[in-house]
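Let me begin by presenting the structure, written as structure tokens, before commenting on it.
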Amino acid sequence: MSDSPASALPPAPLRRGGRRSGRKREDVLAHACVVIGERGADATRFADVSEVSGVPISTLQYYFGNREDLLMAAFRYAAKRDLDGVRAAVADLADPWERMQKACSFVVGFADEAAPYAWQLWVEAWRWAQRDPEWRAEVLADNAKWRALLAGTVADGVASGRFRADADPERVARQALAVVDGIGLPIVLEDPAVPPEMARELLIDVLARLLLP
């Protein structure tokens, strides 16, 4: 990989037209997410992202400054990608029950549209949030967006009669996310006692008990 000096950098990629360089930066972040998912945040270096993405280390330093800024940018990219992805995945589903299953399955990587290592990225982001107050605030804000999405789905289901009339949207949204978080641990650890298909069945079973009449 190239470690060329700043004089060899391409001419101001972030200032030239914006859109092209923005797409290139997003491509780099997508590759960084794969590296973090495979190696963990602590073991992810500029050299690893450079090798996977094909982008020179000097350009990565130009984009992100230092390794920690690269990791934070990757976490933000993954959080937005997942939320945008689940919104797109449920947009055309009229049935609130289908939307609820799809949304929760998406979070833990069971949906076809889910990005690779999605759950591993969340675990790494939480680890960093424990010791970084600013990043913790961003993670909690993202959690609030997920709760709002699920609560809105529950409210639709209650209003239409699809869900039980006594289902409290905010309470069920918190319960559903707690189940999702809990089911993520055996997935990340590849627990042979809870293979992915069983984990998905457990998740849907709990959601059905919370919501269906």
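Counting from 1, position 100 in the sequence shown corresponds to residue 100 in full-length UniProt numbering; the numbering is continuous, with no gaps. Glycine included, every Cβ here is placed at the ideal spot set by N, Cα and C.
Under three-state DSSP, which class holds residue 190? coil
Option in 108, 170, 124 and 24 with minimal Cα separation from residue 186: 108
Could you check whether the segment 37-56 touches the segment 135-145, counting it as contact only if at least three pairs of C-beta atoms, one from each stretch, sit closer than 8 Å? no
Excluding the 5 residues flanking residue 210 on each side, which residues of the same chain have their C-beta closer than 8 Å to its C-beta? Only 167, 172, 175 and 176 meet the Cβ criterion.
Please report the residue range of the alpha helix (DSSP H) in which residue 120 lies. 118-129
For the segment 152-163 against the segment 78-97, are there 3 or more C-beta pairs whose distance is under 8 Å? yes
When we look at the beta-carbon of residue 125 and count the other beta-carbons within 10 Å, is it buried (16 or more) or exposed? buried
Three-state secondary structure assigned by DSSP to residue 29: helix
Quick one: grab the DSSP three-state call for residue 44. Residue 44 falls in the coil class under three-state DSSP.
Per-residue DSSP class, three states only, for residue 166: coil
Consult DSSP for residue 143 and reduce its assignment to one of helix, strand or coil. helix
What do you get for residue 100, buried or exposed, if any count of 16 or more other CB atoms within 10 angstroms of its CB means buried? buried
Buried/exposed call for residue 102, threshold 16 Cβ in 10 Å: buried
Which residues in the same chain have their Cβ closer than 6 Å to the Cβ of residue 116, if we skip the five residues on either side of it in sequence? Within the same chain, residue 116 has no close Cβ partners at all.
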